[in-house]
Amino acid sequence: MNEGKVWLVGAGPGDVSLITVKGLYAIRHAEVIVYDRLVNPELLRQAPEDCLLINVGKNPNHHPIPQDEINAILVEYARQNKQVVRLKGGDPYVFGRGAEEVEQLAKEGLAFEVVPGISSAIGGLVYAGIPVTHRDYASSFHVITGHMCQGNDPQNWHAFAQLDGTLVILMGMTRLVEICQQLMAGGKSADTPAAVVMYASQTRQQVARGTLATIHLEVERQQLHAPALIVIGDVVNLHDVLAFSATQLEIDQEFVC
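According to the numbering used here, the residues represented by the sequence shown are -12 to 244, in order.
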């Protein structure tokens, strides 16, 4: 890495060992890391000792560093000929605003590379024993954001209710009751299996199960909160069979990449 460049790296759903080899390579050679709130801190410990770490994490309804300022930070350090890693939870292009950041870099004529990550919408559910597809239950899946940009029309949940397959909803916990009510009003059966997975793939992972009509009650009983995934569909019933205890691995410092 001799010339300035921004590496947009997906950190995966939370389990530190799910980082890709290329993602780990970028982190270990970074001069600046601009990272989000949900990134596993262990990944930051893989960076060089003199690496500048910049936290630009957002909390629900609280964005201390606006997106345009994050874009400006990436541009600033790339122009200084630095190796910059933009480290984002999950996959950078799955509701992560990664494309917006790359658009700005491209507009400025700066070098960049995107390193995909394991999306929580798929990998996070795997750790909960819930596959997004199954030949007997779902031949398709749909990943939906529960939080739209300000000024945009709200999601058309009635239309989503007509879709076959699995619905995976990210960033929807604050609207869980409304989402379930809207899906039922759109024709989805109240008995449709539903689950919420909090801290997916991490040692503190918790799973609540129920139906469209009852899942909010189970979430309240377990006191689950964001960050969490909402999944709706018959594949939820496979949890009892497919759930497993994950092996917790550390990143080997001797692993050279």
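Even glycine gets a Cβ: it sits at the ideal position worked out from N, Cα and C.
- Below 8 angstroms, enough C-beta pairs join the region 110 to 118 and the region 210 to 230 to call them touching: three or more.
- A Cβ-Cβ contact shorter than 8 angstroms links V(-4) with G10.
- About 7 angstroms separates the Cβ atoms of T7 and G104, confirming a contact at the 8 angstroms cut-off.
- For A215, the number of other beta carbons within 10 angstroms of its own is at least 16, and it is reported as buried.
- In the DSSP assignment, P141 falls outside any beta strand (DSSP E), carrying neither H nor E.
- A distance of 8 angstroms or more separates the beta carbons of L157 and G220.
- Contact between E88 and I52 does not hold, since the beta-carbon distance rounds to 13 angstroms and is not under 8 angstroms.
- Contact between M160 and A213 holds: CB atoms are separated by about 4 angstroms, below the 8 angstroms threshold.
- For P180, the three-state secondary structure derived from DSSP is strand.
- Taking a contact to require three or more Cβ pairs closer than 8 angstroms, the region 177 to 190 and the region 74 to 82 do not qualify as touching.
- Sequence-distant Cβ neighbours of T198 in its own chain, meaning closer than 7 angstroms and more than five residues away, are A177, D178, T179, P180 and A181.
- Under DSSP, M185 takes part in a beta bridge, and its partners are Q193 and A215.
- For A230 and E63, the gap between their C-alpha atoms comes out near 45 angstroms.
- Q67 and K45 have their C-alpha atoms spaced approximately 26 angstroms apart.
- Nearest C-alpha to F99 among C167, V72, Y124 and V218: V72.
- With a beta-carbon spacing of about 12 angstroms, W144 and L163 fall beyond the 8 angstroms limit used to define contacts.
- In the DSSP assignment, the residues bridged to F128 are T153.
- Selection I14, S232, A(-2) and G(-9) evaluated against Q240 yields I14 as nearest (Cα-Cα).
- Among the bridge pairs identified by DSSP, T198 is matched with P180.
- For A(-2), the closest alpha carbon among the candidates G96, A233 and G83 is that of G83.
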